[in-house]
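K.L.:
There are 2 protein chains.
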Amino acid sequence: MFELDIRSRKPIYEQLVERLKELIITEVLKSDEQLPSVRTLAQQLTINPNTIQKAYRELEIQGYIYSIKGKGSFVSPASPKPDTEKLLKVKNELIKLLSEAMYLGMTVDELFKIIKDLEASVGGGMENDQN
Amino acid sequence: MFELDIRSRKPIYEQLVERLKELIITEVLKSDEQLPSVRTLAQQLTINPNTIQKAYRELEIQGYIYSIKGKGSFVSPASPKPDTEKLLKVKNELIKLLSEAMYLGMTVDELFKIIKDLEASVGGGMENDQN
DNA sequence: TACAGTGTACTACGACTCATAGTACAGTTA
DNA sequence: TAACTGTACTATGAGTCGTAGTACACTGTA
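Protein sequence lines correspond, in order, to chains A and B. The opening residue of the first sequence carries number 1 in full-length UniProt numbering; numbering runs sequentially from there. The opening residue of the second sequence carries number 1 in full-length UniProt numbering; numbering runs sequentially from there.
In structure tokens form, the structure reads like this:
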């Protein structure tokens, strides 16, 4: 289910957060779908349950999942509220990264193409398109 | 010259790398311009010289500055070589971040606008002028 | 009711990173 | 020579990361 790099400088729980976020955003994991339990996933990945739980807690704080004691952890419905604070953070990071990409020689057209390609795969807020 | 958050979870030297990279990309710091010396900047920011040097070393590895023993550290000329490896890394990060932004409700038009606005302020690779 | 599964909380430990402090060496410039 | 520059190294304290173990509260089912 996952590819984690144990010896990466990036903490395991952060890698987990990234991966899961990706699966949620691309709707591989759908709304209210149950995630593997902390202990199950820990066993699958041969990783300590505490590390998994740290990742789940972070995802819950960020609003991507919700957990119910005794039942399990589930994917949150996609952006019911705009969450402007979070959006602003992402936007600022985006500006940094876009600047760097352009500085390194990426053209505006290339960037436009990337965005258009992503538009299809990302399950956005409104979803006012008919698939 | 800088605003650093000492108590941030993000290391000081990484904040420094980000800030300086930003100044170089936006050409506030121009090609071959000399950066403050390790000790001077350390004194200005009331930070240990070792921390500054760590940031400078990182910037040198990433190709944004070059250092000459006994003389100082200077801004590298903008992307003479494409550096496809680095570009690929940035592109992958960009895809992640763009996906997240769109998931949070940012529209394609908004993204296009951000890019167009940046186009002016970023000193890109070719700059279609011949120096 | 029991029991197995779920999330959650806490302590303790070793390994690692980060920032500081101090010292030292090599090169450049006036 | 003197004052500046980058660079390298050791040592220390604070903090993070991952692991290990234990414990508690809740849910669903036999």
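Every residue, glycine too, gets a C-beta built ideally from N, C-alpha and C. Quick caveat: nothing in here was measured; it's all calculated off a predicted structure.
1. For the beta strand (DSSP E) that contains Tyr66 of chain A, what are its first and last residues?
2. Quick one: which chain B residues come within Cβ less than 9 Å of Val17 of chain A?
3. Taking the alpha carbon of Val108 of chain B as the point to measure from, which residue in A:Met102, A:Lys116, A:Glu110, A:Glu3 has its own alpha carbon closest?
4. Applying a beta-carbon distance threshold of less than 9 Å, which residues of chain B neighbour Pro82 of chain A?
5. Going along the stretch 86–105 of chain B in order, which residues come within less than 9 Å of chain A, judged by CB to CB distance?
6. Restricting to Cα atoms, I'd like to know which of B:Val75, B:Val38, B:Arg39, B:Phe2 is closest to Gln62 of chain B.
7. Going by DSSP, what residue range makes up the beta strand (DSSP E) through Phe74 of chain B?
8. Bridge partners of Gln43 of chain B, per DSSP?
9. Take every Cβ of the stretch 86–104 of chain B, pair it with every Cβ of the stretch 13–28 of chain A, and state whether three or more of those distances are shorter than 8 Å.
10. Counting along the chain, where does the alpha helix (DSSP H) carrying Met106 of chain A start and finish?
11. Which first and last residues belong to the alpha helix (DSSP H) in which Leu16 of chain B is found?
12. Comparing the C-beta of Glu22 of chain A with each C-beta of chain B, is any distance below 8 Å?
13. Rounded to whole angstroms, what's the CA-CA distance from Asp5 of chain A to Ala55 of chain A? Just pull it up for me.
14. What three-state label does DSSP hand Gln34 of chain B in the structure shown?
15. Compute the beta-carbon to beta-carbon distance between Ile95 of chain B and Ile114 of chain A, rounded to the nearest angstrom, for a pair I have assumed lies under 8 Å.
16. Candidates A:Leu111, A:Phe2, A:Glu27: which alpha carbon is nearest Leu118 of chain B's?
17. Under a CB-based cut-off of 8 Å, is Ala78 of chain A close to chain B?
18. Got a sec, what are the start and stop residues for the alpha helix (DSSP H) Glu58 of chain A sits in?
19. From A:Val122, A:Gly123, A:Val38, pick the residue whose C-alpha is nearest to that of Lys71 of chain A; which is it?
20. With a threshold of 8 Å between beta-carbons, can Phe74 of chain A be considered close to chain B, or not?
21. Check the Cβ of Ile47 of chain A against every Cβ in chain B and list those closer than 8 Å, keeping chain order.
22. Using a Cβ-Cβ cut-off of less than 8 Å, give me the residues of the stretch 108–125 of chain B that come near chain A, in sequence order.
23. Report, in whole angstroms, the separation of the C-beta atoms of Val90 of chain A and Leu104 of chain B, which I expect to be a contact under 8 Å.
P.N.:
Answer, in terms of the structure:
1. 65–68
2. Simply none; closest approach about 12 Å.
3. A:Lys116
4. Leu104, Gly105
5. Lys86, Leu87, Val90, Lys91, Glu93, Leu94, Ile95, Lys96, Leu97, Leu98, Ser99, Glu100, Ala101, Met102, Tyr103, Leu104, Gly105
6. B:Val75
7. 72–75
8. In DSSP, Gln43 of chain B forms no bridge with anything.
9. yes
10. Met106 of chain A -> no alpha helix (DSSP H), and no H or E assigned at all.
11. 12–25
12. yes
13. 15 Å
14. strand
15. 7 Å
16. A:Leu111
17. yes
18. 49–61
19. A:Val38
20. no
21. Result: empty, since nearest Cβ-Cβ is about 22 Å, beyond 8 Å.
22. Val108, Leu111, Phe112, Ile114, Ile115, Lys116, Leu118, Glu119, Ser121, Val122, Gly123, Gly124, Gly125
23. 6 Å
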